[in-house]
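Participant: Position 385, counted from 1, in the sequence shown is what the working numbering calls 405; the numbers after and before it change by one each time, with no gaps.
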Amino acid sequence: MRMVDIIEKKRDGEALTSEEIRFFVSGYARGEIPDYQAAALLMAIYFQGMNERETSDLTEAIVASGETVDLSEIEGVKVDKHSTGGVGDKTSLIVGPLVAAAGIPIAKMSGRGLGHTGGTIDKLESIPGFHVELSREAFLDHVNRYKIAIIGHSQNLTPADKKLYALRDVTGTVASVPLIASSIMSKKLASGADVIVLDVKVGSGAFMKTLDDAKRLAEVMVGIGKSLGRRTIAILSDMDEPLGREVGNANEVREAIDILKGKGDARLTELCLTIATQMTLAAGVYAHEKEARDRLTDLIVSGRALETLKTFVQAQGGDPAVIDDPGRLPSAAHSIAVRAERDGFVQAIDAESVGLAAMMLGAGRKTKDDVIDHGVGVSIEKKVGDAVKAGETLAVLHSRTETAADAYEKLKNAYRIGDEKAAAKPIVYEVIQ
Ligand code: URA
């Protein structure tokens, strides 16, 4: 088999065979296919797409490039949750303990943030003492004992995805549905859960800017799961404005604690309950949606979900006292308010710009080697639909430095204020299964 023939075939719009896809992925992962040929094929896929069978084959080949996690030593139906990435997305910190309190074992591997989107691992590491490395035995033992453990991605999982993603990043080939779907699903499949619940984001802060594109990505990922024997459910959710009211790391942990105390942003709570409902239904813990919602709400109201968070934090070396006293989390010395310049209504808050403002303060990474500052971030005081008066605070930058001109400009320009009250958007658009 020759790589050049495979490139020409896809360039001309033909479907690749399973053998050709395996030849490419395994050859590239082993370093036998050069970047220039891999890049040419990725660009051909970007323009010509892939059918369902090719996309599943690509996913399977990426999974086969590395180790897979065997979770069979954990009792019960293992359900994983994944978000396609957003701004202020702390749902894993809330949903994980919540469904664990409902009895579902959560054995989760999470990533770090890059660019304007944050990562669960960075957020957890803002808790003093918390560590995200556990041996395989300790990981399984924690899940069996405490029902939840969250660790960083193993280096040995899906090595082909790591190489391909890095190449896509510098060759303009990230935004391709089969490439995104196979990249995400390969990691989820290799991580070993029985059921996968995907939170597919749509809007200005997401990969997919339109509902149609997000729906297509969701359907392809659900299809991959089905064809590879893993039940997959996708929730389409809004990422046009930041999720919740905090963007950063320690401040997002604080918000997650608030939600588990039954306080805080209604849209964020609604999304978390929707994800948790789908996870518990798929695991067979509850019989129907109403029962799931009622019981999950009870777990919040009774404090059991919060107790599970505390146990989980302590088990992974974190200071459990932060749960009762979030003031122990890192914070920044300076608060810089961005104020409204006119009366009106908040019509839009560009999520990507808010994420970039937080990144400029040090809450996120411009390159993968950057070191995160856990105490900095952005608090959103006015959300879409809120009325504002000139001079009122829209949002606050939490900064290490007294001034933060670039981040200030970014955050200020993220807000659009007009005379009309914007129609409320749903937080959850659709559930696809
Ligand atoms: N997240 C991934 O893991 N892969 C992609 O291709 C895009 C988002």
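We put the CB at the ideal spot given by N, CA and C, even for glycine. Model, not experiment: these values are computed from the prediction.
Measuring from the CB of residue 199, is there a heavy atom of the ligand URA at a distance below 8 Å?
Facilitator: Yes - the ligand URA has a heavy atom lying nearer than 8 Å to the Cβ of residue 199.
Participant: Rounded to whole angstroms, how far is the Cβ of residue 5 from the Cβ of residue 138, which I believe are closer than 8 Å?
Facilitator: For the chain, the structure presents residues 21 to 453; residue 5 sits outside this window and is missing.
Participant: Less than 9 Å between the C-beta atoms of residue 400 and residue 266, yes or no?
Facilitator: Taking 9 Å as the Cβ cut-off, residue 400 and residue 266 qualify as a contacting pair.
Participant: Let's see if you can read the secondary structure: which residues bound the beta strand (DSSP E) around residue 418?
Facilitator: 413-419 is the span of the beta strand (DSSP E), which, as asked, contains residue 418.
Participant: Helix or strand or just coil, what does DSSP make of residue 306?
Facilitator: Looking at residue 306 - three-state DSSP - the assignment turns out to be coil, as it is neither helix nor strand.
Participant: Is the beta carbon of residue 465 sitting closer than 9 Å to the one on residue 383?
Facilitator: Absent from the structure is residue 465, since the part of the chain shown begins at 21 and ends at 453.
Participant: Can the beta-carbon of residue 181 be found less than 9 Å from the beta-carbon of residue 82?
Facilitator: Contact: yes.
Participant: Start and end of the beta strand (DSSP E) containing residue 427?
Facilitator: Counting along the chain, residue 427 falls outside any beta strand (DSSP E), though it belongs to the alpha helix (DSSP H) covering 425-434.
Participant: Do you know offhand how far residue 472's Cα is from residue 209's?
Facilitator: Nothing can be reported for residue 472: it is not among the residues displayed for the chain, which extend from 21 to 453.
Participant: Would you call residue 346 buried or exposed, if buried means 16 or more other Cβ atoms sit within 10 Å of its Cβ?
Facilitator: With 16 or more Cβ atoms within 10 Å of its Cβ, residue 346 is classed as buried.
Participant: How many whole angstroms separate the CB atoms of residue 124 and residue 299, which I take to be in contact at a CB cut-off of 8 Å?
Facilitator: With 8 Å as the limit, residue 124 and residue 299 qualify as a contact, their Cβ atoms being about 6 Å apart.
Participant: To the nearest whole angstrom, what separates the beta carbons of residue 62 and residue 178, a pair I think is in contact under 8 Å?
Facilitator: That pair is no contact at about 16 Å.
Participant: Candidates 362, 117, 446, 287: which alpha carbon is nearest residue 326's?
Facilitator: Nearest of 362, 117, 446, 287 to residue 326, Cα basis: 117.
Participant: Is the Cβ-Cβ distance between residue 417 and residue 356 less than 9 Å?
Facilitator: Taking 9 Å as the Cβ cut-off, residue 417 and residue 356 qualify as a contacting pair.
Participant: Which residue or residues does DSSP assign as beta-bridge partners of residue 73?
Facilitator: Per DSSP, none; premise fails for residue 73.
Participant: From this set, 328, 341, 79, 313, which residue's C-alpha is nearest residue 166's C-alpha?
Facilitator: That would be 328, whose Cα lies nearest to the Cα of residue 166.
Participant: Between the stretch 267-284 and the stretch 230-249, do three or more beta carbon pairs fall short of 8 Å?
Facilitator: The answer is no - the stretch 230-249 does not touch the stretch 267-284, with fewer than three Cβ pairs under 8 Å.
Participant: Given a threshold of 16 other Cβ atoms within 10 Å of its Cβ, counted over all protein chains shown, does residue 54 qualify as buried or as exposed?
Facilitator: When all chains shown are included, residue 54 counts as exposed.
Participant: If you count every other CB in all the chains shown that lies within 10 Å of the CB of residue 433, and 16 or more means buried, which is it?
Facilitator: Residue 433 should be labelled exposed.
Participant: Tell me residue 332's beta-bridge partners as DSSP assigns them.
Facilitator: Paired residues: none, contrary to the question.
Participant: Please tell me whether, using a cut-off of 8 Å, the distance from the CB of residue 188 to the nearest non-hydrogen atom of the ligand URA is below it.
Facilitator: Yes - the ligand URA has a heavy atom lying nearer than 8 Å to the Cβ of residue 188.
Participant: In terms of residue numbering, what span does the alpha helix (DSSP H) encompassing residue 162 cover?
Facilitator: 156-166 is the extent of the alpha helix (DSSP H) around residue 162.
Participant: Closer than 8 Å: is that where the CB of residue 48 sits relative to any heavy atom of the ligand URA?
Facilitator: No, the beta carbon of residue 48 sits no closer than 8 Å to any heavy atom of the ligand URA.
Participant: DSSP three-state label for residue 43, please.
Facilitator: It is helical.
Participant: Taking all protein chains shown into account, do 16 or more other C-beta atoms lie within 10 angstroms of the C-beta of residue 336, making it buried, or fewer, making it exposed?
Facilitator: With 16 or more Cβ atoms within 10 Å of its Cβ, residue 336 is classed as buried.
Participant: Do the stretch 297-314 and the stretch 145-152 make contact, defined as three or more Cβ pairs closer than 8 Å?
Facilitator: Contact fails: fewer than three Cβ-Cβ distances are below 8 Å.
Participant: Cβ-heavy atom distance between residue 98 and the ligand URA below 8 Å?
Facilitator: Not under cutoff, so the answer is no.
Participant: Could you spell out where the alpha helix (DSSP H) holding residue 67 opens and where it closes?
Facilitator: Element bounds for residue 67: 55-68.
Participant: Looking only at its own chain, which residues have a Cβ that is under 6 Å from the Cβ of residue 261, when we skip the five neighbours before and after it?
Facilitator: Here the set comprises 369, 371, 404.
Participant: Residue range of the alpha helix (DSSP H) that residue 30 falls in?
Facilitator: Where residue 30 is concerned, the enclosing alpha helix (DSSP H) stretches over 23-31.
Participant: Apart from the five residues on each side of it in sequence, which residues of its chain come closer than 6 Å, Cβ to Cβ, to residue 450?
Facilitator: If we look at residue 450 and ignore the five residues flanking it on each side, its Cβ neighbours are 256.
Participant: Thinking just about the alpha-carbon of each residue, which of 322, 301, 239 is nearest to the one in residue 279?
Facilitator: Among 322, 301, 239, the Cα nearest to that of residue 279 is on 322.
Participant: Is it buried or exposed for residue 111, if we count other Cβ within 10 angstroms and need 16 for buried?
Facilitator: With 16 or more other Cβ atoms within 10 Å, it is buried.
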